[in-house]
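Residue numbers (my numbering): 4 to 416.
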Amino acid sequence: MTWLPTASAPECGVCGAPLLQHRQGRPAEYCSHACRQAAYRRRRAQARSALEDYPSSPRTSTAPAPSPEDELLLTLAKTARAELTRLISQLTPQSHTHTHGNAIRSPLTSAAEARRRLDVLLAGLVLRARHHDIPWEDIGNLLGTSPDAARRAYREHAVRQKFDELDLDIGNRYISTKPQCQEEDAACGDEAPAHPQPARSQLAPILSRLQRQAGIPVRQLGERVSVSPSYLSRLLSGERFPSWRLTELLGRALGADLCILRHIWEDEHRRLTADRLRTAASTSPSSGRPRPHTDLASALRALVRRCGSPSPQSISIVIDHALSQSQLDAALAGTFVPDWPRTERLVRALRGDPQYFEPLWQRATRKAGSLETTPAPPPPASPDANTPHSRVESLLEAFGPTLATPPPAYSHR
4 MTWLPTASAP
14 ECGVCGAPLL
24 QHRQGRPAEY
34 CSHACRQAAY
44 RRRRAQARSA
54 LEDYPSSPRT
64 STAPAPSPED
74 ELLLTLAKTA
84 RAELTRLISQ
94 LTPQSHTHTH
104 GNAIRSPLTS
114 AAEARRRLDV
124 LLAGLVLRAR
134 HHDIPWEDIG
144 NLLGTSPDAA
154 RRAYREHAVR
164 QKFDELDLDI
174 GNRYISTKPQ
184 CQEEDAACGD
194 EAPAHPQPAR
204 SQLAPILSRL
214 QRQAGIPVRQ
224 LGERVSVSPS
234 YLSRLLSGER
244 FPSWRLTELL
254 GRALGADLCI
264 LRHIWEDEHR
274 RLTADRLRTA
284 ASTSPSSGRP
294 RPHTDLASAL
304 RALVRRCGSP
314 SPQSISIVID
324 HALSQSQLDA
334 ALAGTFVPDW
344 PRTERLVRAL
354 RGDPQYFEPL
364 WQRATRKAGS
374 LETTPAPPPP
384 ASPDANTPHS
394 RVESLLEAFG
404 PTLATPPPAY
414 SHR
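1. Can you find the residues in the same chain that come closer than 8 Å, C-beta to C-beta, to residue 374, ignoring five residues on each side of it along the sequence?
2. Report the rounded CA-to-CA distance for residue 216 versus residue 248, giving the unit in angstroms.
3. Give me the DSSP bridge partner(s) of residue 14.
4. As a quick exercise: from 111, 241, 76 and 341, pick the residue whose alpha carbon is nearest that of residue 122.
5. Please list, in chain order, all residues of the same chain as residue 3 whose beta carbon is under 7 Å from its beta carbon, the five residues on each side excluded.
6. Under the three-state reduction of DSSP, which class applies to residue 335: helix, strand or coil?
7. Less than 7 Å between C-beta atoms, sequence neighbours within five positions excluded: which residues of the same chain meet that for residue 132?
8. Could you work out which residue in 298, 244, 255 and 253 is closest to residue 272 when comparing CA atoms only?
9. Which one of 124, 162 and 316 has the shortest CA to CA distance from residue 349?
10. Inspect the CB distances between the stretch 251-260 and the stretch 222-233 and report whether three or more fall short of 8 Å.
11. Using 10 angstroms around the beta-carbon of residue 50, count the other beta-carbons present and answer buried if the total reaches 16, otherwise exposed.
12. Residue 136: buried (16+ other C-beta within 10 angstroms of its C-beta) or exposed?
13. For the alpha helix (DSSP H) containing residue 27, name the first residue and the last one.
14. Let me confirm a value: residue 160 is counted as buried when at least 16 other C-beta atoms fall within 10 Å, else exposed. Which label applies?
15. What is the DSSP secondary structure of residue 220, reduced to helix, strand or coil?
16. Around the C-beta of residue 287, are 16 or more other C-beta atoms found within 10 angstroms, so that it is buried, or is it exposed?
17. Provide the residue span of the alpha helix (DSSP H) that contains residue 324, from first to last.
18. Does the distance from the C-beta atom of residue 299 to that of residue 335 stay below 7 Å?
19. Consult DSSP for residue 122 and reduce its assignment to one of helix, strand or coil.
20. Between which two residues does the alpha helix (DSSP H) carrying residue 169 extend?
21. Are the stretch 11-24 and the stretch 34-43 in contact at 8 Å, needing three or more beta carbon pairs?
22. In its own chain, which residues sit with a C-beta less than 6 Å from the C-beta of residue 162, not counting the 5 before and 5 after it?
23. Going straight from the alpha carbon of residue 229 to that of residue 238, what length do you get?
24. Please report the straight-line C-alpha distance between residue 180 and residue 158, rounded to a whole angstrom.
25. Along the chain, where does the alpha helix (DSSP H) containing residue 366 start, and where does it finish?
26. Is DSSP giving residue 40 helix, strand or coil here?
27. Where residue 346 and residue 301 are concerned, what is the direct C-alpha to C-alpha distance, given to the nearest angstrom?
28. For residue 116, which residues from the same chain have a beta carbon less than 6 Å from its beta carbon, with the 5 sequence-adjacent residues on both sides left out?
29. For a test of the three-state rule: what should DSSP assign to residue 311, helix, strand or coil?
30. Are the beta-carbon atoms of residue 340 and residue 305 separated by less than 7 Å?
31. Here's a check: name, in chain order, each residue in its chain whose Cβ is nearer than 7 Å to the Cβ of residue 268, leaving out the five neighbours to either side.
32. Determine the contact status of residue 120 and residue 145, defining contact as a CB-CB distance below 7 Å.
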């Protein structure tokens with residue numbers, strides 16, 4: 004292959020040496036690979052210096068740092084994504100290497116936790132949208148509900164309560180300085196705390212200490228009681244409150260005294276129930292005052308619904324069993340009117356205003372035929388002696404000592 008010099012031989016762009024051109028192909032610009040690399044480095048340096056000398060524009064300037072509230076929402080989103088990732092791995096057939104009970108419970112636990120995080124995240128995003136002057140009409144359309152329903156569901160105090168349940172502080176940037184619930188606080192009679200803080204659990208430290216003393220890892224303990232390790236960790240940290248069935252399983256696995264553990268669980272359940280009733284009443288859109296021409300039973304039922312419809316057992320625990328469950332059912336049904344001290348105690352426990360309920364109670368007692376006091380509720384009708392239930396009770400009463408005595412041991416011949 005022959006290289007021929009051209010009539011006007013070009014020079015290398017770096018060193019200036021003459022270049023020999025080939026008959027075919029693109030004309031050469033550099034005499035060697037070293038000169039080509041030197042030219043590349045020169046172009047890079049020129050481009051870098053030009054970029055440094057170019058004035059910064061809003062598009063190329065550094066983005067502003069996110070606010071602490073936005074960082075909190077981002078952390079919540081990442082936590083929910085982690086729960087969904089765990090749920091996907093639990094639903095993958097290749098990951099079903101554990102017991103059948105965990106394969107059923109673990110995805111449900113992860114889905115419930117992810118939904119809980121997403122609910123709090125949605126509440127924070129609604130509050131963020133309101134901070135940026137997004138109207139309730141647009142928010143309601145995005146959520147598929149009416150503007151009034153969205154406004155009631157995502158009031159500032161309710162959103163802050165959701166974050167407090169996760170031990171998170173949403174801050175004051177998204178909270179307006181204008182009070183929204185002045186009329187509600189005045190109607191309820193008692194001023195509710197602006198930012199209620201959840202009390203620390205008394206059961207969780209005991210369970211955590213028992214777990215450390217037993218030396219059982221959290222994962223192994225979770226397999227014994229058929230719950231996921233993440234959920235068990237939240238129980239031991241006090242973030243979640245277990246049911247008595249799960250508490251009993253944990254007590255048996257850790258070798259605890261179930262009688263003492265039951266007493267501690269009942270005290271904690273009573274405290275949490277009272278806090279939940281007070282919180283629901285303080286964040287309720289209802290005014291706590293009955294409408295005119297409303298009977299006592301209807302007004303009491305409205306208070307119960309305003310507090311989240313707690314069970315009669317929970318209400319009875321809050322009022323220290325001043326009214327039994329059957330008496331509460333009868334009072335809500337309108338077939339029984341308690342005396343005024345017990346009625347006032349019930350109204351105060353449900354965060355109502357006794358001043359507005361006393362005329363209703365007087366009207367109910369007047370209608371029942373008694374102005375001073377209401378007679379005690381009628382005793383339950385005694386069952387017929389011929390019913391199977393009565394016959395079983397008679398047999399147990401007659402042969403109870405005999406049934407309680409263990410049978411004698413006979414030796415086999």
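Glycine is no exception: its CB is placed at the ideal position from the N, C-alpha and C atoms.
Note that the structure is a prediction, hence the values are computed from the model and not measured.
Result, derived from the coordinates:
1. Translated into the one-based positions of the sequence shown, residue 374 becomes position 371. Confidence in residue 374 is poor, its pLDDT being 40 and thus under 50, which makes the residue's placement unreliable; the coordinate value appears in the next sentence. If we look at residue 374 and ignore the five residues flanking it on each side, its Cβ neighbours are 365 and 368.
2. The residue labelled residue 216 in the question sits at position 213 within the sequence shown. The residue labelled residue 248 in the question sits at position 245 within the sequence shown. If I take the Cα positions, the gap works out to 22 Å.
3. By 1-based counting over the sequence shown, the position of residue 14 is 11. DSSP lists 21 as partners of residue 14.
4. Translated into the one-based positions of the sequence shown, residue 122 becomes position 119. Restricting attention to 111, 241, 76 and 341, the CA atom closest to the CA of residue 122 is found in 76.
5. Nothing can be reported for residue 3: it is not among the residues displayed for the chain, which extend from 4 to 416.
6. For this step, residue 335 is matched to residue 332 along the sequence shown. The three-state secondary structure of residue 335, taken from DSSP, is helix.
7. Taking the first residue of the sequence shown as 1, we reach residue 132 at position 129. So the qualifying residues of the chain are 142.
8. Looking up residue 272 in the sequence shown gives position 269. If we check each option's Cα against that of residue 272, 244 comes out closest.
9. Sequence index remark: in the sequence shown, residue 349 carries index 346 (1-based). Of the listed residues, the one whose Cα sits closest to residue 349 is 316.
10. The answer is yes - the stretch 222-233 touches the stretch 251-260, with three or more Cβ pairs under 8 Å.
11. Locating residue 50 in the sequence shown gives position 47, where the first residue counts as 1. With fewer than 16 other Cβ atoms within 10 Å, it is exposed.
12. Residue 136 sits at position 133 when you count from the first residue of the sequence shown. With fewer than 16 Cβ atoms within 10 Å of its Cβ, residue 136 is classed as exposed.
13. Counting from one through the sequence shown, the residue named residue 27 turns up at place 24. Taken as a continuous stretch (DSSP letters only), residue 27 belongs to no alpha helix (DSSP H), as it is neither H nor E.
14. Here the question's residue 160 lines up with position 157 in the sequence shown. Burial call: buried.
15. For the purposes of this step, residue 220 is taken as residue 217 along the sequence shown, with counting starting at 1. Correct three-state label for residue 220: coil.
16. Residue numbering aside, residue 287 sits at position 284 when the sequence shown is read from its first letter. Unreliable placement is indicated for residue 287, whose pLDDT of 44 sits below 50; no coordinate value is reported for it.
17. Here the question's residue 324 lines up with position 321 in the sequence shown. Premise fails: residue 324 is in no alpha helix (DSSP H) and is neither H nor E.
18. The residue labelled residue 299 in the question sits at position 296 within the sequence shown. The residue labelled residue 335 in the question sits at position 332 within the sequence shown. Result no, Cβ atoms of residue 299 and residue 335 do not sit closer than 7 Å.
19. The sequence position of residue 122 within the sequence shown is 119, counting from 1. Helix.
20. Taking the first residue of the sequence shown as position 1, residue 169 is located at position 166. Run containing residue 169: none; DSSP gives neither H nor E here.
21. yes
22. To locate residue 162, count along the sequence shown from 1; it is residue 159. Answer for residue 162: 126 and 130, listed in chain order.
23. Working through the sequence shown from its first residue, we reach residue 229 at position 226. Working through the sequence shown from its first residue, we reach residue 238 at position 235. Near 14 Å, if we compare the C-alpha coordinates of residue 238 and residue 229.
24. Within the sequence shown, numbered from 1, the residue matching residue 180 stands at position 177. Within the sequence shown, numbered from 1, the residue matching residue 158 stands at position 155. For residue 180, the predicted model reports a pLDDT of 39, less than 50, meaning its position is unreliable and no value from the coordinates is stated.
25. One-based indexing of the sequence shown puts residue 366 at position 363. 357-371 is the span of the alpha helix (DSSP H), which, as asked, contains residue 366.
26. Here residue 40 is taken as the residue at index 37 of the sequence shown, counted from 1. Three-state result, residue 40: helix.
27. Working through the sequence shown from its first residue, we reach residue 346 at position 343. Working through the sequence shown from its first residue, we reach residue 301 at position 298. Distance between the alpha carbons of residue 346 and residue 301: 14 Å.
28. Here the question's residue 116 lines up with position 113 in the sequence shown. Closer than 6 Å at the Cβ level, and outside the excluded window around residue 116, lie 86.
29. Taking the sequence shown and counting its residues from 1, one reaches residue 311 at position 308. Looking at residue 311 - three-state DSSP - the assignment turns out to be coil, as it is neither helix nor strand.
30. Walking along the sequence shown from the start, residue 340 turns up at place 337. Walking along the sequence shown from the start, residue 305 turns up at place 302. No, the Cβ-Cβ distance between residue 340 and residue 305 is not below 7 Å.
31. Working through the sequence shown from its first residue, we reach residue 268 at position 265. Correct list, in chain order: 206, 247 and 250.
32. Here residue 120 refers to the residue found at position 117 of the sequence shown. Here residue 145 refers to the residue found at position 142 of the sequence shown. No, the Cβ-Cβ distance between residue 120 and residue 145 is not below 7 Å.
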